[in-house]
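Participant: Protein chains in written order, with the numbering used here: chain R, 274 to 544; chain H, 40 to 346.
My structure is below; once you've seen it, I'll send some questions.
Structural data, given as structure tokens:
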């Protein structure tokens, strides 16, 4: 983290974050941010250079986060051609790649929503990798602070309750071969190893979700690789194309070898 | 002086012109019931000039001892309270209550360590302070200066459900509440006057902030109602209020929040949409509404989406 961010007012109700009132950005920040992104780009894509994809890929993120430990990100893709994978990169987070979705044949990758932690004022990049290998990028600047290092709750024990419980919601009844919106909710504290217990001076050990695999029967919807930037109790909205006998299965693994699965029928499928 | 966020951002305020403790001149302990003294906190967030003196703080004086009902939002605020108490009575300060984990209710405690009181808190306060305390201290230090914040004081007596202390013919009863405003809300009743001191389980005028459980808070208000007190000292707002009317206002806001967020979840609406729509009719009724409502909606959404 390079910019130090100070709050000038302290709200009393702060759950975990004081996500406003910061010192204005320094003049050289722009150049720093560019350089940072170039580094990330290089490490992720090597010599492949993402093109401006603003016409195709859209990222909706709050300009200023109300809660830096739960910043909603909505990605929409208006591509005619199929999307192979999608990266969400929070440039200045300790681990910048917040999410990498690899889509399968059952996916409808036109819209993804998720909630992330944002540690400091940062650019957020979305890069869509098309089937032909083209990379399309878009970016948003998000003002937030402390989303990673702020205390997450009032009790670790409380945060661990029900770990691995899942819920899958569908937006209305599904019709075979027509895209349907679904929301996946997972109970998991996603401890990122950056919260210190002030008395023991020990950090709560990191324990966070690494993969989420969603399948419909034997067809992949998506594989998600993720890490400490994912918010606690993650909620991910996506779309998929059901068949007439769809059964959605979700498998989650975490950094402590935790593994949880849930399988649900898709409601009211008809042709 | 009201330092607004924009001024703070742009640095247009002038620190040298701020009266360091000039605020103390405007502050006074009001006797809201016989032997119960309260200083009204300002309806602001912590700023360099108000030194986080934003909560209602004070004391109850018994025959033999004094109980500090709330200690203040910073060491400086606690020091102000201590001298104000000492100016009123020579009786020893034997008890200091830490009503919950929030900074404006805990940092005054350090001003009383020389009195060697029992620091009374909810059984879950210690853990919450371990998780949050240092973070609050750092953040508040950035606002008011580290020397004015002071150290964190841990409770030395934990109340798991109920408890009481006797100030000499004057019994104060405590109730440890389930998750509501926070995870560790402690309320008390002065049995001599029947006055209820619910701390931040009751907000008046200032918009409530949700950091525990929305459904739990609604439940705990019923618990408070069952105590039958007519008058209360809210954590924020006027120093003494009619409990029935003011708690009804709070219930109305929390209910609007609950029903609005539930409706949004039901129609698959996002947190962002909920933030824009839920509770907007309440805007004109509360101070600092825009600073807290979005967070409250987010908190409510996180809780209710798992229903």
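Each residue gets a CB set at the ideal place from its N, CA and C atoms; glycine is no exception.
1. On the three-state DSSP scale, how would you describe residue 142(H)?
2. Could you say which of 156(H), 111(H), 96(H), 345(H) lies nearest to residue 277(H) if we only look at CA atoms?
3. Assuming residue 170(H) and residue 540(R) make a contact with CB atoms under 8 Å, what is their CB distance in whole Å?
4. Here's the rule: buried if 16 or more other CB atoms are within 10 angstroms of the residue's CB, otherwise exposed. What is residue 315(H)?
5. Apart from the five residues just before and just after residue 269(H), which ones in its own chain have a Cβ nearer than 8 Å to its Cβ?
6. Could you name the residues that DSSP lists as bridge partners for residue 396(R)?
7. Does the beta carbon of residue 170(H) come closer than 9 Å to any beta carbon on chain R?
8. Could you check the C-alpha separation between residue 249(H) and residue 300(H) for me, to the nearest Å?
9. Out of 275(H), 296(H), 271(H), 153(H), which has the shortest C-alpha to C-alpha gap to residue 257(H)?
10. When you check each C-beta in the segment 207 to 219 of chain H against every C-beta of chain R, which residues fall closer than 7 Å?
11. May I have the straight-line CA-CA distance separating residue 291(R) from residue 338(H), to the nearest angstrom?
12. Contact between the segment 75 to 93 of chain H and the segment 200 to 220 of chain H: three or more CB pairs below 8 Å?
13. Is the CB of residue 310(H) under 9 Å away from at least one CB in chain R?
14. Given a threshold of 16 other Cβ atoms within 10 Å of its Cβ, counted over all protein chains shown, does residue 297(R) qualify as buried or as exposed?
15. Of all the CB atoms in chain R, is at least one closer than 9 Å to the CB of residue 51(H)?
16. Looking at chain H, which residues of the segment 380 to 403 of chain R have a Cβ within less than 9 Å of any of its Cβ atoms?
17. Chain R partners of residue 158(H), CB-CB under 9 Å?
18. Does the Cβ-Cβ distance between residue 390(R) and residue 344(R) come in under 9 Å?
19. In whole angstroms, give me the CA-to-CA distance for residue 342(R) and residue 102(H).
20. Pull the bridge partners of residue 134(H) from the DSSP assignment, please.
21. Nearest chain H C-beta to residue 446(R) closer than 9 Å, yes or no?
22. Between 411(R), 337(R), 394(R), which lies nearest to residue 359(R) when the distance is taken from Cα to Cα?
23. Starting from the N-terminal side, write out each stretch of the alpha helix (DSSP H) that is 4 residues or longer and does not extend beyond the segment 424 to 502 of chain R.
24. Looking at C-alpha atoms only, which residue of 150(H), 263(H), 197(H) is the closest neighbour of residue 189(H)?
25. Sorted by chain position, which residues of the same chain lie with C-beta nearer than 6 Å to residue 507(R)'s C-beta, five sequence neighbours on each side aside?
26. Please list the terminal residues of the continuous beta strand (DSSP E) segment that includes residue 274(H).
27. Is the beta carbon of residue 482(R) less than 9 Å from the beta carbon of residue 461(R)?
28. From which residue to which residue does the beta strand (DSSP E) around residue 300(H) run?
29. Within the chosen definition, does the segment 221 to 236 of chain H reach the segment 138 to 149 of chain H through at least 3 CB pairs nearer than 8 Å?
30. Since residue 97(H) sits in a beta bridge, which residues does DSSP pair it with?
31. Does residue 476(R) pass the burial test, meaning 16 or more other C-beta atoms within 10 Å, or should it be called exposed?
32. In the segment 414 to 427 of chain R, which residues sit with their C-beta less than 9 Å from some C-beta in chain H, listed in chain order?
33. Can you look up residue 302(R) in the DSSP assignment and give me helix, strand or coil?
34. My guess is that residue 257(R) and residue 486(R) are in contact by the Cβ rule of under 8 Å, so how many angstroms apart are they, rounded?
35. Name the DSSP bridge partner or partners of residue 32(H)?
Facilitator: According to the data block:
1. If DSSP states are grouped into helix, strand and coil, residue 142(H) belongs with the helices.
2. For residue 277(H), the nearest C-alpha among the options comes from 96(H).
3. Actually they are not in contact, since the Cβ atoms of residue 170(H) and residue 540(R) sit about 40 Å apart, beyond 8 Å.
4. The residue is exposed, with fewer than 16 neighbouring Cβ atoms inside 10 Å.
5. Exclusion of the five residues before and after residue 269(H) leaves 233, 281, 282, 283 as the residues of its chain whose Cβ lies within less than 8 Å of its Cβ.
6. According to DSSP, residue 396(R) bridges with 414(R).
7. Residue-level contact by beta carbon holds for residue 170(H) and chain R, with a gap shorter than 9 Å.
8. Going from the Cα of residue 249(H) to the Cα of residue 300(H) covers about 14 Å.
9. The candidate whose alpha carbon is nearest that of residue 257(H) is 296(H).
10. Correct list: empty, as no residue qualifies.
11. At residue 291(R) the pLDDT is 32, less than 50, meaning the model places this residue with poor confidence; the figure from the coordinates comes in the next sentence. When only Cα atoms are considered, residue 291(R) and residue 338(H) end up about 15 Å apart.
12. No: the two stretches stay apart, fewer than three of their Cβ pairs being nearer than 8 Å.
13. Put simply, the CB of residue 310(H) is near chain R, with a gap under 9 Å to one of its CB atoms.
14. Low confidence applies to residue 297(R): its pLDDT is 42, below 50, so where it sits in the model is not reliable, and the reading given next is rough at best. Exposed.
15. Model confidence at residue 51(H) stands at a pLDDT of 34, short of 50, so the residue's coordinates are unreliable and nothing is read from them.
16. Listed in sequence order: 386, 388.
17. By Cβ distance, chain R contributes nothing, its closest Cβ being about 15 Å from residue 158(H), past 9 Å.
18. A contact, by the Cβ cut-off of 9 Å.
19. So the alpha carbons of these two residues sit roughly 49 Å apart.
20. In DSSP, residue 134(H) forms a bridge with 106(H), 157(H).
21. No, residue 446(R) does not count as interfacial toward chain H.
22. Ranked by Cα distance from residue 359(R), the first of 411(R), 337(R), 394(R) is 411(R).
23. Complete alpha helix (DSSP H) runs here, min 4: 429 to 433.
24. The shortest Cα separation from residue 189(H) among 150(H), 263(H), 197(H) belongs to 150(H).
25. Closer than 6 Å at Cβ, skipping near neighbours: 459.
26. Counting along the chain, the beta strand (DSSP E) containing residue 274(H) begins and ends at 270 to 275.
27. Between residue 482(R) and residue 461(R), the gap from beta carbon to beta carbon is short of 9 Å.
28. In this chain, residue 300(H) is not harboured by any beta strand (DSSP E); it is covered by the alpha helix (DSSP H) spanning 282 to 305.
29. Output reads yes: the segment 138 to 149 of chain H touches the segment 221 to 236 of chain H.
30. Looking at the DSSP assignment, residue 97(H) forms a beta bridge with 77(H), 109(H).
31. Its Cβ having fewer than 16 others within 10 Å, residue 476(R) is exposed.
32. Interface annotation for the segment 414 to 427 of chain R against chain H: 419, 422, 423, 424, 425, 426, 427, criterion Cβ-Cβ distance under 9 Å.
33. Residue 302(R): helix per DSSP, three-state reduction.
34. Since the first and last residues shown for chain R are 274 and 544, residue 257(R) lies out of range.
35. Absent from the model: residue 32(H). The displayed extent of chain H is 40 to 346, so no value can be given.
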